[in-house]
Each structure stands twice: as C-alpha cells, then as structure tokens.
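As they're listed, the protein sequences go chains A and B.
Residues 153 to 574, numbered by my numbering, are exactly what the first sequence covers, in order.
Residues 153 to 574, numbered by my numbering, are exactly what the second sequence covers, in order.
No residue lacks a Cβ here, since even glycine has one placed at the ideal position from N, Cα and C.
Right, one structure below, let's go through it.
There are 2 protein chains.
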Amino acid sequence: MAASAPKVVIVGTGFGGLEAAKALRRAAADVTVIDRHNHHCFQPLLYQVATAALSPADVAWPIRHILRDQTNATVLMEEVVGVDAEHRRVRTTMGEIAYDYLVLATGATHSYFGHDEWAAVAPGLKRIEDATRIRRSILIAFERAEATADIVEQGRLLTFVIVGGGATGVELAGAIADIARQTLAADFRRIDPRAARIVLLEAGPRLLPAFPPDLSDYVRTTLANAGVDVRTGTMVTSCDKGGVDTSAGRIEADTVIWAAGVVASATAQWLGAAADRAGRVKVESDLSLPGRPEIFVIGDTAAVFYGDGRPVPGIAPAAKQMGKYVGQRIAARIAGQADDRPFRYRHLGDLATIGRRAAVVSFGRLHLKGFIGWVFWSVAHIYFLIGLRYRFLVAFNWFWDYLTFQRGARLITETEPPRKTG
Amino acid sequence: MAASAPKVVIVGTGFGGLEAAKALRRAAADVTVIDRHNHHCFQPLLYQVATAALSPADVAWPIRHILRDQTNATVLMEEVVGVDAEHRRVRTTMGEIAYDYLVLATGATHSYFGHDEWAAVAPGLKRIEDATRIRRSILIAFERAEATADIVEQGRLLTFVIVGGGATGVELAGAIADIARQTLAADFRRIDPRAARIVLLEAGPRLLPAFPPDLSDYVRTTLANAGVDVRTGTMVTSCDKGGVDTSAGRIEADTVIWAAGVVASATAQWLGAAADRAGRVKVESDLSLPGRPEIFVIGDTAAVFYGDGRPVPGIAPAAKQMGKYVGQRIAARIAGQADDRPFRYRHLGDLATIGRRAAVVSFGRLHLKGFIGWVFWSVAHIYFLIGLRYRFLVAFNWFWDYLTFQRGARLITETEPPRKTG
C-alpha cells in the first residue's frame, strides 16, 4: 500500500461497518477499522446466548480474524469519542486518526424512553455482555427460588417479564418458556420450574408489527400454548427491583428484560448533525452527511427511507446493504469513477422464531410458519454465520438441543452467590 | 425419601464433592450439595479457556444437571460461611442447614506467599472467571500493542510472564507461544505477534518437578524451541502493574500469570481444626476430622499422605478417589455396615501438555512424550469430560484448531477499551 493511498476510516464493526470494509478490499485505499470491542457480534442469535443455548464465542468472532486476508485493512480496538469534521480527524481515547473518507456505523442501543434508570433493573440485549447478564439473571432466579422457603418470594423469582413484542421479545419469551418447561423441568427438588410465569408485554395492538397480521396471530397462539402470558395493549409505566408497573396493574417479577425500543448511538452529537427523534442522523440519498460528501453514516445510526417513505428497518440485511453500497461508492470515487446511483433498500423479508420447532417467515408473498418456518429460519441463520467452524458448532448445538431438550451453556459467572433478601 | 433419612451435606462440587455425592446415589440418605457456583468446573482444561481454545461452557457444566437423575440429592447454590460442629449445622449466607454427616470439599485457591496484593496484577487460574480474565489480559495486550506507536510500550505489552513451572505454568506458556507464533501471526498490521516474548519462571531447579527428570528436560527443550524463555532457579520477589522483579533482575511485562502455589480454602478456620502450612486440615486415616467422625474433609483442602509419607498431590484423580471413598463410607455407615478400611491413595500418573502436538505422560514405568504423548493426553481428557455433548464439542474444537492453527474463543468481554497510558 502506497503511503499516499486515501485513508478510509470505518467506525463500528456491526453488519454495516464490516460490509463496508469488505467492499473496499480491492480499492487502492488505506482502510482503518475501529471498534470498542475486538469482536463482531452476530446479533440475530444473541438471544440464544441470553437463554443458554449458545456460548458467546459461537456468535462473536474476532474482527481482525475476519479481515486477516484483507491486507489493506488495519483493525484497531479503540473507543471513538468524537469527530473533527473540519480537520478530517476521528478522536479516540488513544489519540487522533486522520481520514479522507469516514464511515460511521456505530449502531444503536436500548431506549428506555427517557427513563435511563430502568436500565439497572431491566437490561436490554445488544452486546455479548448484555446476553451473559440476562443469562445470569434467568438462571440465578431459578437457583434463588430453590434456595428460599418463602413461597411468595418464590413466585416473584419465577416470574419473567419481557417488555416489547418485536422479534427479540418474542424470541426471548419463547426461549425462556422452553427453559422452564423442558430444559430445567427435572433439575430441581423444591420448586417446579414448569410453574414459572413468563409475561410478554406489548404496548401496541399485536405482536411482531412488521409481520402480516395472520403471522402475528399465529405467534400469539403458539406462545400462549407454550405457557407465555401475552398482553398486548399494555404499557410499562415504571420498573423497579421488585417488578414492573403497567397500564393494567403491577407485576411482581425478579427478572425484567427490555426489548422495547432503540436509540441511535452518539453519531449525531459527534457531527453536530440534524437527527430524528430516535437520534438517527439525517443523510443524503447516497448516505453521506449533508455538506460533507466524505462522511457517510450507515446502519441503525442513520435515518434512511424507502418505497413510499417507510423507514428502513433496523435489521442486519439493511445494515449490510448500506455498508456494501458505501464501500463500493468510496472505492469508485478513489478509482476516479463517476457513480451517482442513490442508495436503494431492498426489503427481503422478516423472520422470527418462537422457541422449539416454530418460527414465522414473511418473504413477500411467501408466509411460512410452524416447523417448516423453523427449518427455513435455521438454515438461513446458519448460512449467514461467518466461517465453517461456527456454522458447524451452532448447527451441532441446535441439533443436540433439539434431540435432548437441553441447553449447553447454562453458566452463571461473574456473580456473587445469592444472599438472604428479606 | 423418608423425612427421617440421615442428612448428608456436601460442601463444594469439584471433583471430590461430586464423586462423594455420586457414591451416595443408592444410599437411604437425604443428600444436599452446596456450592457457590452453579457449575462444576473441569479444571484440567481451564488453561484452554484462558488461552481462547475453548469456551467457558465447554468445561463447566451445571451441577444440578449432572445430578438431575439422582433423586436423593438436592443442589443449592449458596455460599457457606461457617460450620457449627457442636449443633451439626452448616452456616450459609441464606441461613443454616442441619447435617448428620458433613463432607467438606472446598478446594484450594492461589497462594501469593503472603503477598495478596500481587493478586491484582498477577491473576491465578482456578475458576472460570480467572480464565476469562486471563484470556482478556492476553488478547488485550496484543490489541494495545497494535494501537500504540511507542515501541518500548509495545515491547512491554508483548511480554508475557508465567510464574511457576508446574503443569499449569507449562501448559499456559506453551499455549501462549502457540497464540503468538501461529494463531495471531497474520492478524496484525503494525506489530509482529511472533515477536512476543514468553517467559516461564520457576524457582526450583527444573520444570514439572512431579515428573521424571528426562521428561522435565524434554519439556524445557520443547518450550525453548517454541520460543519460550524458560528460567529455572529464578524467584519472583515482587509484582506490580509494570512487570515483575526476580532474583535475576526485573522483567517489564503487561501480562503476569500466577501458577506458583496454592493455599487451602478456609475449612480449617470454620472447624477450628489443626492445619498444615498450606492451610490443609489434618485428618484421620478415614479422612474424618479428629474427634468428629461425622465430618470428613477431602480433596485439596485436606492434608493426606501416602506411600512413604509423601503428600497426596492436588490433582483431580486424588480428589475423586477421596470423594468416592468418603461417599461409600457414609453409605455403609447409614446401612449399618462395618467398614474400617482406611483411605489409600493410588497414584495413577501425571500428564501435562506443551502446546500443539506435544505432551508428557508419566504412568509408572510408562513415559510418553511428543506427539504420542499428546494423543494419549487428548484421549484421556476427552474421556474424563462429562457427557457426550462436551466430549464431542471439545474434540471438534481441538481437531479444528489442529487443522487450522486457529482458536475459536478469542473474545474480549466485560472490559473497557484501551486508553492512552503515557
């Protein structure tokens, strides 16, 4: 690489950032990829880490290993704290990094709708650490219930509330029901894990609003048959250590999981740019920042629209399409080629799983549900995992769990043992 | 189980405690197994978690799952804080638990020879959390070296010191050499991971003192060929954030791992019992506490001797033999059978691996080394894993790593990104 090659800096290595880096692999560019973490997290399967079916390392892979053969890319594990757009520099906790082109792909995090204090009692699911925290919380609740003689406290410990009826909420509720009804059924002596209460709260009128109504109905029925108490039209008004208050009364619960909303990362503040209500940066039709054609914002931290003006959804295929588009666009500009195609999002479809042997798939006119949906979901997810090793390991774990009803990663780590609470 | 069945309480679920519980499976006893963690940790492979070859869940399995079919056993995740031997009660953070027979199998932890402050900079390797901490420390050192332009600091970051030349120290040194020379070799752009310096310090005259001298020599040569700087006869006199001081001078290092000594758990204090220098409880020939025939102390927290008065080593087979003996003895007493055989330790042999394709095995007159030793070591460890699932997953990971030189669990979690230090 010539020292004078244009410097492309990519911040964030989710689906968008990684795809942008890969699209630059043949460009005469000096690509620097920066992330706070050393790993790319395959978020669509993160709920399986949170519910002890997979290990963190099954769904998170070292970024520098993914890019090891792309010799024009350097990976740095640093935290970005700001952008000096005037002097074209990214500020990190280690210093400053100059760029000619900048791609910001820093994603989104949970939104507690102005109640950030709820984060302490109702964790969301975005990172590996969130997943192990939720796993710990679920498994510890059963352990504490077995250790206490107080039956009121047992009931509270065995109540699990999931806030938000989108794909993550549905997947978590289904998986926790599987844990209680099947995985742990024979493992306790004093409590019956099958008596656990799993409550799924959704403020809107139906689950999975992105899906067609018939699939929403199917999901609701399937979850109800698995023992999940589904409550649509129910808003959470407050969360505390003992449970949640909702528009339809209080629920005493030890475990509350937040799957209700997201807010964009701090990109808009770094840039001093205009943002929408969810904090997403308003971008041009080529995903560049207005007035700064060398800065691109992609993925969950960008406000992008398609078709009749609907927002591009915050899902992996959308981020990948944006990453690929921007990477190719920068490569073309470096090569001196004119390319003025705007970004066009192509919605492939939606998938969600509902525990063992059931999933819903909506790909245009193709609607699948039940076992056939689950097979489609499984094959699609295995296919998108990176590398043969992980495809094999994840497939083996699913196959084994399917046969045995077990879950291989039921580990409680980094915690204090339970203490008497009352 | 009749309510009047004798109560057997087992504290600790390492190899000893678990084996004691299993030996009681047909006894007319009410067995309660207590541990601070929800999992049994397969310590012989913990160094592979610390060096990113296996995931925590590959070597740690839920205790209650292992004992799920043993209906006379109840598993409680609680922390024991004392024993009231007079009233036959165990005190935990949740309350008190009565016993008729008590088995204390609480193991050992690292000993810093009176310098507990070194623990903060030189972690040891006993629990899952220790392993993920060491993994993080090793991987972060390479990341920080890539991110800094200061070549002195790079040298310090890429120096790894392992204190103690027993099996754990040798295994860690070999594995870190593999990571630096092979796994990471092509993953960085600014540093050459192969330039990493791995120093193995041993105060005594040779590595692996439990093995025959010819195998010690072989291990030393093999490690030296892998690029490990082996220094026998070298004592650590001080540890700090910047490195270690030794009897032969200072070594600047970012990562220092402690594999030099162990001290028994607090069992002797709980009992007010006589202990040896390492804190191990002095027991009768049947492993019971002098004057308390209903209390047994086993595994690394007991001082037991064999043959010509040598101490029983702190290895898994020894703990398992003690656990089985005590479980059977209690079962016999409950059944009203006389059984006065004293405990007799049978030393099967010693094994240690030295990274890829090399291990040493000493089983009586059978001495194996090199590739054939490594095959023997691998088969033996796979065999002793619990359950087909884990045997398969560990074997697959080893096979894959063997073919590709990769390591599947290179995750840095629960950490802050690097910050500028100087």
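By Cβ distance below 6 Å, which residues in the same chain neighbour residue i in space, the five residues on each side in sequence not counted?
{"i": "A348 (chain B)", "result": "L310 and A332"}
{"i": "A154 (chain B)", "result": "Since pLDDT at A154 (chain B) reaches only 47, below the 50 mark, its modelled position is unreliable, and the value read off the structure follows with that caveat. Closer than 6 Å at the Cβ level, and outside the excluded window around A154 (chain B), lies no residue."}
{"i": "R243 (chain B)", "result": "V233 and G234"}
{"i": "G479 (chain B)", "result": "A172, A175 and L176"}
{"i": "E568 (chain B)", "result": "Note on E568 (chain B): pLDDT 49, under 50, position unreliable in the model; the coordinate value appears next. So no residue of the chain qualifies."}
{"i": "G401 (chain B)", "result": "none"}
{"i": "R571 (chain A)", "result": "Low local confidence applies: a pLDDT of 49 at R571 (chain A) is under 50, so the model's placement there is unreliable, with the coordinate-based value given in what follows. For R571 (chain A), where only same-chain residues beyond five positions count, there are no Cβ hits under 6 Å."}
{"i": "S289 (chain A)", "result": "T407"}
{"i": "G574 (chain B)", "result": "Summary for G574 (chain B): the model assigns pLDDT 36, below 50, so the residue's position carries little reliability; its value from the coordinates is reported in the next sentence. Hits under 6 Å: none found."}
{"i": "G169 (chain B)", "result": "I162 and A257"}
{"i": "L197 (chain B)", "result": "V211"}
{"i": "P158 (chain A)", "result": "A181, D252 and I486"}
{"i": "V435 (chain B)", "result": "V449 and A454"}
{"i": "L520 (chain B)", "result": "V513 and F528"}
{"i": "D397 (chain A)", "result": "T389 and S390"}
{"i": "R493 (chain A)", "result": "none"}
{"i": "A628 (chain A)", "result": "Residue 628 (chain A) falls outside the range modelled here, since chain A spans only 153 to 574, and no answer is possible."}
{"i": "P214 (chain B)", "result": "N190 and H191"}
Using a Cβ cut-off of 7 Å, pull out every chain A residue sitting near residue i, in sequence order please.
{"i": "D330 (chain B)", "result": "By Cβ distance, chain A contributes nothing, its closest Cβ being about 15 Å from D330 (chain B), past 7 Å."}
{"i": "G560 (chain B)", "result": "A209 and R541"}
{"i": "P620 (chain B)", "result": "For residue 620 (chain B) there is no data in the structure shown, the boundaries of chain B being 153 and 574."}
{"i": "A299 (chain B)", "result": "L228, M229, E230 and M246"}
{"i": "W552 (chain B)", "result": "R541"}
Considering just the uninterrupted stretch of the beta strand (DSSP E) at residue i, what are its terminal residues?
{"i": "M246 (chain A)", "result": "Where M246 (chain A) is concerned, there is no enclosing beta strand (DSSP E), given that its DSSP letter is neither H nor E."}
{"i": "I403 (chain B)", "result": "G401 to E404"}
{"i": "A212 (chain A)", "result": "A212 to P214"}
{"i": "R444 (chain B)", "result": "R444 to V449"}
{"i": "R308 (chain A)", "result": "Per DSSP, R308 (chain A) belongs to no beta strand (DSSP E); it is in the alpha helix (DSSP H), I303 to L309."}
{"i": "E354 (chain A)", "result": "R349 to E354"}
{"i": "R383 (chain A)", "result": "V380 to T384"}
Just reading off the alpha helix (DSSP H) that residue i is part of, what are its end residues?
{"i": "P469 (chain B)", "result": "A468 to I486"}
{"i": "R341 (chain B)", "result": "Premise fails: R341 (chain B) is in no alpha helix (DSSP H) and is neither H nor E."}
{"i": "G321 (chain B)", "result": "A319 to D330"}
{"i": "D553 (chain A)", "result": "L540 to T556"}
{"i": "T374 (chain A)", "result": "P365 to N377"}
So, for residue i: in the same chain, excluding its five sequence neighbours on each side, which residues have a beta-carbon less than 8 Å away from its beta-carbon?
{"i": "V201 (chain A)", "result": "S207, P208, D210, V211, I280, A283, T284, R287 and A561"}
{"i": "L500 (chain B)", "result": "P469 and F515"}
{"i": "D339 (chain A)", "result": "P345"}
{"i": "I343 (chain A)", "result": "F294, A297, E298, Q306 and L310"}
{"i": "L555 (chain B)", "result": "none"}
{"i": "S263 (chain B)", "result": "A412, G413, V414, V415 and A430"}
Find the residues of chain A that neighbour residue i, judging by a C-beta separation of less than 8 Å, and give them in chain order.
{"i": "R342 (chain B)", "result": "T226"}
{"i": "R220 (chain B)", "result": "A338 and D339"}
{"i": "E269 (chain B)", "result": "Result: empty, since nearest Cβ-Cβ is about 22 Å, beyond 8 Å."}
Going by beta carbon distance, what residues of the same chain come within less than 7 Å of residue i, once the five residues before and after it are set aside?
{"i": "L537 (chain B)", "result": "F194, R543 and V546"}
{"i": "A484 (chain B)", "result": "D491"}
{"i": "E231 (chain B)", "result": "R188, T244 and T245"}
{"i": "L219 (chain B)", "result": "A173, V185, A225 and V227"}
{"i": "A405 (chain A)", "result": "R308, T311, F312, V313, G395 and V396"}
{"i": "A319 (chain A)", "result": "L360 and A504"}
Mind listing the chain A neighbours of residue i? Cutoff is C-beta to C-beta under 9 Å, in chain order.
{"i": "E248 (chain B)", "result": "Within chain A, no residue comes near E248 (chain B); the closest Cβ sits about 11 Å away, beyond 9 Å."}
How many whole angstroms separate the CB atoms of residue i and residue j, which I take to be in contact at a CB cut-off of 8 Å?
{"i": "P361 (chain A)", "j": "F294 (chain A)", "result": "That pair is no contact at about 32 Å."}
{"i": "T419 (chain B)", "j": "S399 (chain B)", "result": "At roughly 33 Å, the Cβ-Cβ gap does not stay under 8 Å, so T419 (chain B) and S399 (chain B) are not in contact."}
{"i": "L352 (chain B)", "j": "I314 (chain B)", "result": "5 Å"}
{"i": "L375 (chain A)", "j": "I506 (chain A)", "result": "6 Å"}
Tell me whether residue i counts as near the ligand MN, meaning its Cβ is closer than 7 Å to at least one heavy atom of that ligand.
{"i": "L537 (chain B)", "result": "Absent from the structure shown: the ligand MN. Ligands present: none."}
Run through chain B and tell me which residues come within less than 7 Å of residue i, C-beta to C-beta.
{"i": "T565 (chain A)", "result": "P208, I280 and E281"}
Report the neighbours of residue i on chain B: residues whose CB is nearer than 8 Å to its CB, in chain order.
{"i": "E436 (chain A)", "result": "Result: empty, since nearest Cβ-Cβ is about 31 Å, beyond 8 Å."}
{"i": "H217 (chain A)", "result": "D339, Q558 and R562"}
If the cut-off is 7 Å on Cβ atoms, which residues from the region 276-290 of chain A count as contacting chain B, listed in chain order? Under the 7 Å Cβ criterion, the region 276-290 of chain A contributes I280 and E281.
Where the region 172-194 of chain B meets chain A: residues whose CB sits under 8 Å from a CB there: Identification of residues in the region 172-194 of chain B having a C-beta nearer than 8 Å to some C-beta of chain A yields R188, H189, N190 and H191, given in sequence order.
Relative to chain A, which residues along the region 295-322 of chain B have a C-beta separation below 9 Å, given in chain order? Of all residues in the region 295-322 of chain B, only E295, R296, E298, A299, T300 and A301 come within less than 9 Å of chain A when Cβ atoms are compared, listed by chain position.
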